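Residue numbers (the numbering used here), protein chains in the order written: chain L, 1 to 342; chain U, 1001 to 1416.
Here you go:
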């Protein structure tokens, strides 16, 4: 079983790599499952669960950017569409707008609409490259947030929707700290495995080839445009899953949640962690959320954003491919033949 | 090697989590969270709010009920999400006993809902002034010692209709909870006095271009009611003046501040005579108020020239907290029940008069009706026309009748 994460060549005999990987994931999985046993509610939900679902939204960006070569700033917008749609079709504090559907109907519809929104965004953005993609997705993100703020018939303007709750299954309150953490963990794990699986599929490999050389791919008969749009669709689904959890976490959704600043934060998380491996966005989200919560304790409360900014600057300057890149370089210093790095 | 590195990383993260959660507070001190907007568009206001809180604590020498008070600050950017994120950190992680905040209207509504999930912590509102925070489904552990946006308009509608003689106006206000309350408060009296509101214009916060609205303002009106804050007010007035508009203004509680009063030229004469109402009046000729302003200036030489209404509201919250703690001798046992009962019964003597709470734990206090006049040295100032004593949340109306009016919104109330 030859496994190539991204474009790095397989460096060691396959079975050794496989065993190492299984052990590594097993350990990580165990640690994540056991984490709530030794943490307080604050650490379980505000740090733990939030890292997992914001990481999933950042993962959707890493998937597009790292494997598809398209940096999109609209990922949080896709998440926001899902959050808004679950409020509109499901139950909220505005029964005059919300349709009050059961969760098993509202959630799939919300995911579907968010995915469709991402697909349409992809159809627009995939025709552009580089900085133009960033611009067009930023424009879509800002426009959607402003539209929500001024539309009262569907999006309820500035106030948005409150009273959003996850479904309660078998009498279990999924918003209670432990269930919510495991729910976030389950969605994050599924998204992670999904991304890893797809990157190794024919589609995923073709997408990476499109990223590296679209002209050649076109010449040998691949539909470059379709591959890119499909990548957007998948990123939309990933972001939408994160968006549902975001809505349930806050219990509300309003235009401020998906404004330009938070959209850029998603990019910051992905870049901090590193766009080279799907674990990166989660590492980036963890660092971002820890700083967001605790920077204010380190310095004068009126200056704490400075700490956050400086920390990001140091990480990005020290390692252009983020914390994961830094870690990969540290661990690869061992004499193990592997010299082929990007 | 790889395994051990990652293992160590995780272990370290968890240990960090444990060690921080384990740091329980000492029994002889009380931890207070101060939450305000220290980032985003309202940063200056948030900083001033916390100055008010610190002033109240400083006056008490950071002790109350025989215990030391430790202040932990939190920051939001005026969005409900960020306010709850900061509140959750202060309550669940820093383990504050009492939380003072937030600053802005919609944050307050979210904070009320958050308070319901932590019944053993006492929440004292900072300066948020959306009416629904305490009027509809209030939280039993959420206290508001400042008056709300509707109360702040007390006397203004009456004065505009009767003394100023305005019969037909339009309103221009920002599009969120607090200005809805302000417009409602104004219209309650104005419509009752026979006035008509021909149209209402709602603009997003931070709007730059008002030309489409200015074009729609009809000619057959007597005045414009403007409830905009900070830069929005300046932008609107500039553009209205440039387009040749000359209808007099009736102002919301945060519209005519020092930046607007600093105007030169034609705008100066336009502003003179603008009525407004709010919980404070900068130039009130009262010994206690003057003392408060002097204390503020002494404590914060880098602060604003005069305490803003945000500093005032946070000061009231801090003062109420200190008096409540003194009453129960710092006893916060039994889910803070004794302290909460003391707060509910509290009657305070403040720089702006007597403050007490109603059954929804909402302040009843004096409101100041002011008008812009030419002061000494050619400066403009808000002169107190009248103090409306002890305004309650239903504006003196019967509660059932008031509730029938429904929550303030874009379309409620109406009197065309």
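Yeah, the Cβ is synthetic: ideal placement off N, Cα and C, and Gly gets one too.
Source: prediction; values computed, not measured.
The beta carbon of residue 1110 of chain U falls within 8 Å of a beta carbon belonging to chain L, placing the residue at that interface. Taking a C-beta cut-off of 9 Å against chain L, the contacting residues of the region 1071-1094 of chain U are 1072, 1073, 1074, 1075, 1077, 1078, 1079, 1080, 1081, 1082, 1084, 1085, 1086, 1088, 1089, 1091, 1092, 1093 and 1094, listed in chain order.
Residues of the region 199-214 of chain L whose Cβ lies closer than 9 Å to any Cβ of chain U: none. Residue environment: residue 263 of chain L is assigned as buried (16 or more neighbouring CB atoms within 10 Å of its CB, all protein chains considered). Distance from the CA atom of residue 1206 of chain U to the CA atom of residue 1413 of chain U, rounded to whole angstroms, is 25 Å. Per DSSP, reduced to three states, the secondary structure at residue 1100 of chain U is strand. Residue-level contact check: residue 1182 of chain U does not touch chain L, since none of the beta carbons of chain L fall below 8 Å from its beta carbon.
Look at the region 1196-1212 of chain U: the residues with a C-beta under 9 Å from a C-beta of chain L are 1202, 1204 and 1205.
At least 8 Å separates the beta-carbon of residue 1314 of chain U from that of residue 1149 of chain U. In the pairwise beta carbon analysis, the region 1349-1356 of chain U is classified as not touching the region 1217-1237 of chain U: fewer than three pairs are separated by under 8 Å. For the 8 Å CB-CB criterion, residue 58 of chain L and residue 234 of chain L do not form a contact. Judged by DSSP secondary structure, residue 1381 of chain U falls within the beta strand (DSSP E) whose first and last residues are 1380-1391.
For residue 1178 of chain U, the uninterrupted alpha helix (DSSP H) run begins and ends at 1177-1192, by DSSP.
Only residues of its own chain outside the window of five on either side were considered, and among them 53 and 184 have a CB closer than 6 Å to the CB of residue 245 of chain L, listed in chain order. Assignment of beta-bridge partners to residue 1365 of chain U by DSSP yields U:1391.
Between residue 237 of chain L and residue 101 of chain L, the alpha-carbon positions lie close to 21 Å from each other. If you draw a 10 Å sphere on the C-beta of residue 1075 of chain U, you find 16 or more other C-beta atoms in it, and that means buried. Contact annotation: in the region 1155-1175 of chain U, residues whose CB is within less than 9 Å of a CB in chain L are 1174 and 1175. DSSP places residue 309 of chain L inside the alpha helix (DSSP H), whose first and last residues are 304-318. Sequence-distant Cβ neighbours of residue 293 of chain L in its own chain, meaning closer than 8 Å and more than five residues away, are 46 and 47. Any Cβ of chain U closer than 8 Å to the Cβ of residue 98 of chain L would place that residue at the interface, and such an atom is absent. Looking only at L:209, L:248, L:206 and L:156, the smallest Cα-Cα distance to residue 176 of chain L is reached by L:248.
The C-beta of residue 258 of chain L comes no closer than 8 Å to any C-beta of chain U. Cβ proximity to chain L below 7 Å picks out 1038, 1039 and 1047 from the region 1025-1058 of chain U. The criterion of a C-beta distance shorter than 8 Å is satisfied by residue 1195 of chain U and residue 1166 of chain U.
Between the beta-carbon of residue 1144 of chain U and that of residue 1363 of chain U there is about 6 Å, and that keeps the pair under the 8 Å contact cut. For residue 46 of chain L, the chain U residues whose Cβ falls inside 9 Å of its Cβ are 1085, 1088, 1089, 1092 and 1093, in order along the chain. Within chain L, the residues whose beta carbon sits less than 8 Å from that of residue 1106 of chain U are 158, 159 and 254, listed in sequence order.
Ranked by how close their Cα comes to the Cα of residue 1260 of chain U, the residues U:1233, U:1071, U:1378 and U:1416 have U:1233 in first place. Chain order gives the chain U residues near residue 149 of chain L as 1204, where near means a beta carbon separation below 7 Å. A Cβ-Cβ separation of about 7 Å places residue 1033 of chain U in contact with residue 1100 of chain U under the 8 Å criterion.
With a beta-carbon spacing of about 6 Å, residue 1368 of chain U and residue 1280 of chain U fall inside the 8 Å limit used to define contacts. Around the C-beta of residue 277 of chain L, 16 or more other C-beta atoms lie within 10 Å, and the residue is accordingly described as buried.
With a threshold of 8 Å between beta carbons, residue 1177 of chain U makes contact with chain L.
At least one C-beta of chain U is nearer than 8 Å to the C-beta of residue 301 of chain L. Annotation: the continuous beta strand (DSSP E) that includes residue 1357 of chain U extends over 1353-1357.
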